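To keep things clear, I will list the structure first and then write my remarks on it.
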Amino acid sequence: MTILVDQNTKVLCQGMTGWAGTYHTNRMIQYGTNIVAGVTPGKGGKSHIDVPVYNTVKEAMLVTGANASCVFVPPANAAAAMIEAIEAEMPLVVAVTERIPVLDMVRVREALKGSKTRLVGPNSQGVLAPGVCQIGVMATDRARPGHIGVVSRSASLTSEVVAQLTTAGLGQSTTIGIGGDSVHGMGFAECLELFFADPQTDAVVLVGEIGGSDEQEAARHLRANGLQKPVVALVAGQYAPPQRRMGHAGTLTLLGRGDAGNKIAELEEAGVIIAPSAHLVGATMRDVLAKRAA
Amino acid sequence: MELHEFQAKELLSRYALSCPSGHVATSPDEAENVASALRSTDLFVKAQIHAGSRFRAGGVRKVRSAAEAKAAARELLGQKLVTQQTGPRGQTVTRVLIEAGVPGARELYLAIIVDGSAGALMLMGGDGGTDVEERSGRGLPPLETLLLGSGGEMKSGDIADFCRRLGLTGAAADNCIDVIRKLHRAFIELDASLIEINPLVVTGNGDLVALDAKVVLDDNAMFRHPDLEQLREPADFDEIELKAQRHQVNFVQLSGDIGVVVNGAGLGLATLDLVRAAGGVPANFMDIRTTAKSLDIAQGIGLVLDNPRARVLLINVYGGGMQPCDTIIEGLGIAIRRRGRSLPIVLRLTGNNEELARLRLANFNLNAIECGDMWQAATRAVAIAAGRA
Chain A
1 MTILVDQNTK VLCQGMTGWA GTYHTNRMIQ YGTNIVAGVT PGKGGKSHID
51 VPVYNTVKEA MLVTGANASC VFVPPANAAA AMIEAIEAEM PLVVAVTERI
101 PVLDMVRVRE ALKGSKTRLV GPNSQGVLAP GVCQIGVMAT DRARPGHIGV
151 VSRSASLTSE VVAQLTTAGL GQSTTIGIGG DSVHGMGFAE CLELFFADPQ
201 TDAVVLVGEI GGSDEQEAAR HLRANGLQKP VVALVAGQYA PPQRRMGHAG
251 TLTLLGRGDA GNKIAELEEA GVIIAPSAHL VGATMRDVLA KRAA
Chain B
1001 MELHEFQAKE LLSRYALSCP SGHVATSPDE AENVASALRS TDLFVKAQIH
1051 AGSRFRAGGV RKVRSAAEAK AAARELLGQK LVTQQTGPRG QTVTRVLIEA
1101 GVPGARELYL AIIVDGSAGA LMLMGGDGGT DVEERSGRGL PPLETLLLGS
1151 GGEMKSGDIA DFCRRLGLTG AAADNCIDVI RKLHRAFIEL DASLIEINPL
1201 VVTGNGDLVA LDAKVVLDDN AMFRHPDLEQ LREPADFDEI ELKAQRHQVN
1251 FVQLSGDIGV VVNGAGLGLA TLDLVRAAGG VPANFMDIRT TAKSLDIAQG
1301 IGLVLDNPRA RVLLINVYGG GMQPCDTIIE GLGIAIRRRG RSLPIVLRLT
1351 GNNEELARLR LANFNLNAIE CGDMWQAATR AVAIAAGRA
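Protein chains in written order, with my numbering: chain A, 1 to 294; chain B, 1001 to 1389.
In structure tokens form, the structure reads like this:
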């Protein structure tokens, strides 16, 4: 089984008619994702790459029964697009857009409070249930259906970890990119709980990095609520210079918070197994599962 | 985008935050003129660099006359100031801020940051004077905090309570509420990601004056503030990084000899970790964004080739849906052709269009040592840089 998405997921794409939206919507369709609508204000009534386009999320949901949205809208209007989807009570919103102003994301978080929406991202590669549904821009060539959940702050390391898992003979139930920005939707803790509740997921890989406090919050959550399945973690950036933004906005370690050593210590204390090196995540998971089966 | 102290104070003064009287100077003579106009025997000459911990590094001088201000400015201007936050290379001082001293009864720390986990703005306050990074090390109590919204609306009661927790009463408490409102409004209107006032001095009659101010603006929001873009000032190392940015490449110069080419921020961080674990030191961090085309990538790789310290190129690529392997190799080939300089290439290549990329490599006549995984690639690159392979 999968989390967040399944074979009944109907996806609409906000910003589908733009360059990136067109390219990635095509990829998703090729993968087998059920894309039912595009939303671009002012282009309603037309059709683009054989997908009907609507002016608003609400209208598109009403007509097509879409239950997930993928946001490709450029930075200046991305927050407004997310808020529109939240107000339309879209169950799942996956935001791919990067470089969104941080205060705009604070406004999105305010809109999320008490809403019926789960937000993944922004600056996320998306959600992939191998062989079932792709919402986002991730590489899919090495992903295989299986029983390992992957939750990550990094798109590139997710591809890497998925390839290592597949090489180790371990398929994936669902992979989720929570995004590289400091203010974002779902965090590690929420995703871990969904994987724990999924009977088809045996274990989870958590891919963290320097900056922010998502890993520490996950650790605190696990200490308080218990570790119900094995979790293997990788925390990238142990040797990165502090106070520099390393690609992701969220890697900036402002005010001394968010260094890798602290994250690793807290995760270990919560019972998480730390992969000894970035190239050994798949092998570590294989060993953990073998030991448990023995 | 980080602002200088004088720029931060100028911006915050527009919101009626009170700062000491003073002015910026770029020469000793100018410093002398500013100092004499201030008509005070309690003066400060402060180096304007993009880093904290200036006081302890000798970047802030207390002087008593215009002549002394001139002498202090002569010493500071043109100097490379090395503080705990600049890194060993330091930053060159091109401006000094001359200000009149403000006698105070107490020094406060006040800051607004974006709290990622709460998804809100966070107001922080406490006793001032010390760098916030050093607080826990010195056993100081944690800062008081209060979450603020994005709309400028605030419950007065909460802020009044926050000021009480800082130990403020009477006029000082009222003035602090006022200062917090101004900073909150400034934060939102300027699209800041950090405003820090340290110290905020409380005078004998309860007035609050910002002795130092740090403002960081959100680079992602600069499209809303073309007027603030002119405050950008490339620091010593920034010019290369800005050039990389223009070509969709995130780049940070580091001190080692292993040039690193990676697509993806997380993979880039992991590659640095592997190089260090293998006993080497990276020459740079690189994250080629998925939006980069082969000509952009060529510009990014050119920056690594331009670094005279780099002795080897370690290329770690995961070809994704939008940026297949061959696009990166195309960029590599163009960069090497243009520069007429190459380095030994250690390559780890996997994912979309892997085979096509190998073909392109051969077309460009490039010899690369290909490794099966990124650990093998890192150890190989380290060995080559050390002259062991």
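For glycine and all other residues, C-beta sits at the position ideal for the given N, C-alpha and C. Model, not experiment: these values are computed from the prediction.
On the criterion of 16 or more Cβ atoms from any shown chain inside 10 Å, does residue i qualify as buried, or is it exposed?
i, result
"threonine 167 (chain A)", "exposed"
"proline 1142 (chain B)", "exposed"
"valine 63 (chain A)", "exposed"
"arginine 1311 (chain B)", "buried"
"asparagine 1316 (chain B)", "buried"
"proline 1199 (chain B)", "buried"
"glutamate 160 (chain A)", "buried"
"alanine 294 (chain A)", "exposed"
"serine 47 (chain A)", "exposed"
"alanine 1186 (chain B)", "buried"
"threonine 1041 (chain B)", "exposed"
"glutamine 1230 (chain B)", "exposed"
"glutamate 1241 (chain B)", "buried"
"glycine 271 (chain A)", "exposed"
"glutamine 1091 (chain B)", "buried"
"serine 1447 (chain B)", "Outside the displayed range of chain B (1001 to 1389) lies residue 1447 (chain B), so it cannot be described from this structure."
"lysine 291 (chain A)", "exposed"
Run down chain A in chain order and give the residues with a C-beta less than 7 Å from the C-beta of residue i.
i, result
"isoleucine 1334 (chain B)", "Within 7 Å Cβ-Cβ: nothing; isoleucine 1334 (chain B) doesn't reach chain A, min ~22 Å."
"alanine 1270 (chain B)", "Leu157, Ala236, Ala278"
"aspartate 1373 (chain B)", "His279"
Would you mind telling me which residues of chain B sit closer than 8 Å to residue i, beta carbon to beta carbon, in chain order?
i, result
"valine 207 (chain A)", "Gly1266"
"alanine 275 (chain A)", "Residues of chain B passing the Cβ test: none, with the nearest at roughly 10 Å."
"serine 173 (chain A)", "Here the premise fails: no neighbours, minimum Cβ distance about 21 Å."
"serine 213 (chain A)", "Gly1116, Ser1117"
Give me the chain A residues within the contact set of residue i, using Cβ-Cβ distance strictly less than 8 Å, ordered along the chain.
i, result
"asparagine 1198 (chain B)", "Neighbours of asparagine 1198 (chain B) on chain A: none; closest Cβ ~12 Å, over 8 Å."
"leucine 1359 (chain B)", "Residues of chain A passing the Cβ test: none, with the nearest at roughly 18 Å."
"isoleucine 1416 (chain B)", "Residue 1416 (chain B) is absent from the structure shown; chain B starts at 1001 and stops at 1389."
"glycine 1351 (chain B)", "Ala139, Asp141, Arg142, Ser159, Ala163"
"asparagine 1263 (chain B)", "Ser156"
"aspartate 1158 (chain B)", "Simply none; closest approach about 16 Å."
Anything in chain B within Cβ reach of residue i, meaning under 9 Å, just list it in chain order.
i, result
"isoleucine 49 (chain A)", "Per Cβ cutoff of 9 Å: no residues; isoleucine 49 (chain A) is ~16 Å from chain B at best."
"isoleucine 210 (chain A)", "Leu1269"
"histidine 221 (chain A)", "Per Cβ cutoff of 9 Å: no residues; histidine 221 (chain A) is ~11 Å from chain B at best."
"glutamate 110 (chain A)", "Gly1119, Ala1120, Gly1149, Ser1150, Gly1151"
Find the residues of chain B that neighbour residue i, judging by a C-beta separation of less than 7 Å, and give them in chain order.
i, result
"methionine 186 (chain A)", "Those do not exist, as methionine 186 (chain A) stays about 12 Å from chain B at its closest Cβ, beyond 7 Å."
"valine 183 (chain A)", "Val1114, Gly1116, Gly1119"
"valine 106 (chain A)", "Val1114, Gly1119, Ala1120, Leu1121, Ser1150"
"arginine 118 (chain A)", "The premise fails here: arginine 118 (chain A) is roughly 14 Å from chain B at the closest Cβ pair, so nothing lies under 7 Å."
"glycine 169 (chain A)", "Under the 7 Å cutoff, chain B gives no residues; its nearest Cβ is about 16 Å from glycine 169 (chain A)."
Mind checking the segment 1275-1288 of chain B against chain A and listing, in chain order, the residues whose C-beta falls within less than 7 Å of any C-beta there?
Arg1276, Ala1277, Phe1285, Asp1287
Pairing CB atoms from the segment 149-159 of chain A with CB atoms from the segment 172-185 of chain A, are three or more of them under 8 Å?
Taking 8 Å as the limit for Cβ pairs, the verdict is that the segment 172-185 of chain A does touch the segment 149-159 of chain A.
Would the segment 1062-1070 of chain B and the segment 1079-1088 of chain B be scored as touching if the rule is three or more Cβ pairs under 8 Å?
no
Residues of the segment 137-164 of chain A in Cβ contact with chain B at a cutoff of 9 Å, in chain order, please.
Val137, Met138, Ala139, Thr140, Asp141, Arg142, Ser152, Arg153, Ser154, Ala155, Ser156, Leu157, Thr158, Ser159, Glu160, Ala163, Gln164
Under 7 Å (Cβ pairs) to chain B, residues found in the segment 68-102 of chain A
Taking a C-beta cut-off of 7 Å against chain B, the contacting residues of the segment 68-102 of chain A are Pro75, Ala76, Arg99, Ile100, Pro101, Val102, listed in chain order.
Interfacial residues, the segment 10-36 of chain A to chain B, with Cβ spacing under 9 Å:
Ala20, Tyr23, His24, Arg27
Measuring CB atoms only, is the segment 1264-1283 of chain B touching the segment 1220-1232 of chain B, in the sense that at least three cross pairs come out at less than 8 Å?
no
Any residues in the segment 262-290 of chain A with a beta carbon nearer than 7 Å to a beta carbon of chain B? Which ones, in chain order?
Those would be Ser277, Ala278, His279, in chain order.
What residues in the segment 51-67 of chain A bring their beta carbon closer than 7 Å to a beta carbon of chain B?
none
Give, in chain order, every unbroken run of the alpha helix (DSSP H) that is at least 4 residues long and sits entirely within the segment 70-122 of chain A.
75-87, 102-112
Within the segment 1068-1100 of chain B, ranges of the beta strand (DSSP E) (whole runs, at least 3 residues):
Counting only runs of 3 or more, we get 1096-1100.
Would you say the segment 1361-1372 of chain B touches the segment 1250-1262 of chain B, given that touching needs at least three Cβ pairs under 8 Å?
no
Which residues of the segment 1319-1345 of chain B have a Cβ closer than 9 Å to any Cβ of chain A? Give them in chain order.
Gly1319, Gly1320, Gly1321, Met1322
Taking three-plus beta-carbon pairs below 8 Å as touching, is the segment 1106-1125 of chain B in contact with the segment 1159-1179 of chain B?
Cβ pair count under 8 Å is three or more, so yes.
Specify whether the segment 33-42 of chain A and the segment 202-215 of chain A touch according to this definition: at least 3 beta carbon pairs, one from each stretch, less than 8 Å apart.
no
If you pair each beta-carbon of the segment 18-25 of chain A with each one of the segment 75-91 of chain A, do three or more pairs fall below 8 Å?
no
Relative to chain A, which residues along the segment 1192-1223 of chain B have a C-beta separation below 7 Å, given in chain order?
Ser1193, Leu1194, Asp1218, Asn1220, Ala1221, Phe1223
Tell me which residues of the segment 1244-1259 of chain B have at least one Cβ-Cβ distance to chain A shorter than 8 Å, keeping chain order.
Asn1250, Val1252, Leu1254
Quick check: the segment 1325-1332 of chain B against the segment 1295-1307 of chain B, are there 3 or more CB pairs under 8 Å?
Taking one beta carbon from each stretch, the segment 1325-1332 of chain B and the segment 1295-1307 of chain B have 3 or more pairs nearer than 8 Å; the two touch.
Within the segment 1231-1286 of chain B, note down every full alpha helix (DSSP H) run reaching 4 residues or more, in order along the chain.
1238-1246, 1265-1277
Near-chain B residues of the segment 225-239 of chain A (beta-carbon distance less than 8 Å), N- to C-terminal order
Taking 8 Å as the Cβ-Cβ cut-off against chain B, the residues of the segment 225-239 of chain A that qualify are Leu234, Ala236, Gly237, Gln238, Tyr239.
Runs of 3 residues minimum, wholly inside the segment 118-159 of chain A: which ones carry the beta strand (DSSP E) assignment?
Correct list: 118-120, 126-129, 133-136, 145-152.
Stretch-stretch touch, CB-based, cutoff 8 Å, three pairs: the segment 84-95 of chain A with the segment 56-75 of chain A:
yes
Minimum length 3: unbroken beta strand (DSSP E) runs contained in the segment 1017-1048 of chain B
1022-1025, 1043-1047
Please list the segments of the alpha helix (DSSP H) lying wholly inside the segment 1118-1187 of chain B, counting only runs of 4 or more residues, in order along the chain.
1156-1165
Could you list the residues in the segment 1109-1122 of chain B with a C-beta less than 9 Å from some C-beta on chain A, going in chain order?
Ala1111, Ile1113, Val1114, Asp1115, Gly1116, Ser1117, Ala1118, Gly1119, Ala1120, Leu1121
Could you say if the segment 1028-1040 of chain B and the segment 263-279 of chain A meet the contact criterion of at least three C-beta pairs nearer than 8 Å?
no
For the segment 96-114 of chain A against the segment 28-35 of chain A, are there 3 or more C-beta pairs whose distance is under 8 Å?
no
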